[in-house]
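Residue numbers (our numbering): 11 to 640.
A short write-up of the structure that comes next.
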Ligand code: COA
Ligand code: AMP
């Protein structure tokens, strides 16, 4: 069957479609129905089934005789090591860690925060939580202590599992002091911390609170898999919203298993036993879904890569990993390819490696610019597939399902909606707009299995953020259009979220930090175009009246404050001091207009602007930074 038949088949009988897909999962108690619409517009899937994620990702493959198959390849150019872990070994290691967590009182529903770099132990920690029904929340290593503290207070974990350090090119990231600072800042205090000591840096443990990863597992009884309800939260993953407070996206267990397994064949076109690699980080949704869970659920080998596309040691690293580990399907962010293209524009380093087994390259996390797609198509001579999704959904909303049918690629479009997603482009009045017209991209409810049923501890915020603007539809926060062939085009965010090197950041969160400076009266942050990272944050600062300190000094302090409070991942390095900010007569800051000026784009003078002359001041302030030159 082709894409159209499958999509139409899903639309005609969504429950039948997902019940059929659910058969690929081992259930302790099979669900009697797919959709639970009792609390519509809040929906759940497979709620009356009983299932365990770790069993499906690990144990069932061992039970089926594949214990010797490699589950995880850790390829770490930053530490100069490559390590293989079989499914059998993974089972032993995860059962032991889960047993040790259980012995310390962690059980079903308890939260555990994981703060680790790209090491297999990060996946083991996630799976150990899943094994005993605990709910993990992984925090990206590039976030600073304050961001970790915010997540500790929201998730109220019983335990934190961390590594002693991460390794970035040229520097060791001291994770343990960040954990200590975060716990000191947080109101909620976890009962204990488990520290995985890496040889690059052995951290000092706090007696009575910190436990050594190995020592605390000594002599424990390994834990068996605990079946949980299909709607039990598998994990919480915090992502940026409009305000500084991150949103805790909840991932439900049953739908997550069913949907991810389905995508591995239908979208990524891999068979069990083949090697799949997503070059992302476990701290992001791509890492959750496609470094950890989906490849393991599907019985693939997953690559945990601890390095960068360039500089570890060169722009040929990705190609080396693909050749050396026989990767069949590869997923990365456009920004990583742009970094490679900049260093090796003619793709000369590819010639050193046998890439003949690679079937396709998948791009997501940000808009895939045509130049990058064309470069990759030419250099690799395989399909380059842009696909669009979000932390909230956990997998593809729109893509090109190579495992079903390779649809013609239209550069600039992530192709078509996947089964499960009834995508509609709505105008401000809530009505569908004609093909080719820009509007808000929405999905008609219910969302498919595995997508967020709510936000952690924040049902009202969930309803307000996603379900209120267009009743009956999920608001993605992206704007775009659909063409006459049903291809989608994702053009921009409709909120204050920006995308920096494939990382989703809230300008509101950065503004909160900037506003905390004693000399700053008012501020605004916008995303400006960047040839490598897609976007970069840029801050405008209005100083307190009478402040006589130099602008350069204050900018430097603000850059340091953002790095210290949000983390290096914010890549906040650009700011300027202005007398005033452009606003509407009702006081709303015109961020979008400033963004257009910075990027040298045409813009319509907002009818409600308070004083148009301010825009010239903004332009003048941006020019020394290399912007507003168009
Ligand atoms: N722990 C600690 N610090 C981290 C980190 C981590 N896990 N990840 C990134 N950082 C730091 C970096 O060291 C850098 O610090 P610096 O300001 O001291 O140089 C800063 O955060 C910004 O990092 P990054 O955005 O990675 O920029 P970069 O200049 O180091 O590298 C790219 C540029 C394009 C190579 C890189 O951004 C990249 O590989 N992007 C792919 C992104 C991706 O996979 N996204 C997932 C979505 S699918
Ligand atoms: P995240 O939740 O971090 O995965 O970020 C999701 C957001 O990234 C989406 O809402 C889009 O704004 C953007 N995004 C992700 N993938 C794509 C894509 N293929 N094309 C355009 N934008 C994308």
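All C-beta atoms, glycine included, are put in the ideal place defined by N, C-alpha and C.
In this text, all values refer to a predicted model and were calculated from it rather than measured experimentally.
Using 6 Å as the cut-off, classify the Cβ of residue 578 as near or not near the heavy atoms of the ligand COA, replying yes or no.
-> Taking the Cβ of residue 578 as the reference point, at least one heavy atom of the ligand COA falls within a distance shorter than 6 Å.
Less than 6 Å between the CB of residue 592 and some heavy atom of the ligand COA, yes or no?
-> Not one heavy atom of the ligand COA falls within 6 Å of the beta-carbon of residue 592.
Decide if the stretch 258-273 is in contact with the stretch 210-225; the criterion is three or more beta carbon pairs, one per stretch, under 8 Å apart.
-> no
Residue 144, buried or exposed, once every other Cβ within 10 Å from all chains shown has been counted against 16 = buried
Proximity of residue 177 and residue 207 at Cβ, strictly below 7 Å = Cβ distance not < 7 Å, so residue 177 and residue 207 don't count as in contact.
Leaving aside the five residues before and after residue 449 along the sequence, list all residues of the same chain whose C-beta is less than 6 Å from its C-beta, in chain order.
-> 435, 436, 437 and 443
The stretch 160-177 / the stretch 52-70 touching (three or more Cβ pairs under 8 Å) = The stretch 160-177, when compared against the stretch 52-70, does not touch it at the 8 Å Cβ threshold.
Which class does residue 307 belong to by DSSP, given the choice of helix, strand or coil?
-> helix
Residues near residue 291 by beta carbon distance below 7 Å, same chain, minus five either side = 128, 150 and 297
Distance, residue 633 Cα to residue 461 Cα = 43 Å
Proximity winner among 446, 371, 614 and 391, relative to residue 411 (alpha-carbon distances) = 371
What is the residue span of the alpha helix (DSSP H) that residue 72 lies within?
-> Element bounds for residue 72: n/a, residue is neither H nor E.
Since residue 259 contacts residue 402 with CB under 8 Å, what's their CB separation in whole angstroms?
-> 6 Å
Closer than 6 Å: residue 424 CB and nearest the ligand AMP heavy atom = yes
What do you reckon, is the C-beta of residue 488 under 6 Å from a heavy atom of the ligand AMP?
-> Answer for residue 488: yes, Cβ within range of the ligand AMP.
Residue 321 versus 350, 309, 453 and 148, residue with shortest Cα-Cα distance = 350
Below 7 Å CB to CB, which residues in the same chain sit around residue 606 once its five sequence neighbours on both sides are set aside?
-> Excluding sequence neighbours, residue 606 sits near 613.
Euclidean distance between Cα positions of residue 431 and residue 216 = Their Cα atoms are separated by approximately 48 Å.
Decide yes or no for the touch test of the stretch 380-396 against the stretch 243-258: beta carbon pairs closer than 8 Å, at least 3 of them.
-> Taking a cut-off of 8 Å on C-beta distances, the stretch 380-396 does not touch the stretch 243-258, as fewer than three cross pairs fall below it.
Which word fits residue 138, buried or exposed, when buried means at least 16 other C-beta atoms lie within 10 angstroms of its C-beta?
-> buried
Counting pairs of Cβ atoms below 8 Å between the stretch 27-40 and the stretch 58-77, do you hit three or more?
-> The stretch 27-40 is in contact with the stretch 58-77.
Inter-residue spacing [alpha-carbon to alpha-carbon] between residue 11 and residue 22 | 15 Å
Using beta-carbon positions only, say whether residue 169 and residue 125 come within less than 7 Å of one another.
-> no
Beta strand (DSSP E) segments (min. 3 residues) lying fully within the stretch 520-602 = Taking only runs of at least 3 residues, the beta strand (DSSP E) segments lying wholly in the stretch 520-602 are 530-540, 544-553 and 584-587.
Do residue 244 and residue 261 have their C-beta atoms closer together than 7 Å?
-> Result yes, Cβ atoms of residue 244 and residue 261 sit closer than 7 Å.
Does at least one heavy atom of the ligand FAD sit under 6 Å from the Cβ of residue 454?
-> Annotation note on the ligand FAD: not contained in the displayed structure, which lists the ligand COA and the ligand AMP as its ligands.
Status (buried if at least 16 other CB within 10 Å, exposed otherwise) for residue 66 = buried
For the putative contact between residue 201 and residue 115, defined by C-beta atoms under 8 Å, what is the C-beta separation to the nearest angstrom?
-> 7 Å
Which residues in the same chain as residue 616 place their Cβ atom closer than 7 Å to its Cβ, once the five residues preceding and following it in sequence are excluded?
-> The beta carbon of residue 616 sits closer than 7 Å to those of 594, 600 and 603, all from its chain and outside the five residues before and after it, given in chain order.
Under 6 Å from any heavy atom of the ligand AMP, does the C-beta of residue 503 make it?
-> Relative to the non-hydrogen atoms of the ligand AMP, the Cβ of residue 503 comes within a distance shorter than 6 Å of at least one.
What's the gap between the Cα of residue 621 and the Cα of residue 52?
-> 44 Å
Buried or exposed (CB count within 10 angstroms, at least 16 for buried), residue 73 | In this structure residue 73 is exposed. Its beta-carbon is surrounded by fewer than 16 other beta-carbon atoms within 10 angstroms.
Output the boundary residues of the alpha helix (DSSP H) element that contains residue 93.
-> No alpha helix (DSSP H) contains residue 93, which is instead part of the beta strand (DSSP E) from 91-96.
Inter-stretch contact (C-beta, 8 Å, three-pair minimum) for the stretch 468-487 and the stretch 517-528 | no
Cα-Cα, which of 540, 428 and 513 is closest to residue 576?
-> Out of 540, 428 and 513, 513 has the C-alpha closest to the C-alpha of residue 576.
Where residue 312 and residue 535 are concerned, what is the direct C-alpha to C-alpha distance, given to the nearest angstrom?
-> Approximately 38 Å between the Cα atoms of the pair.
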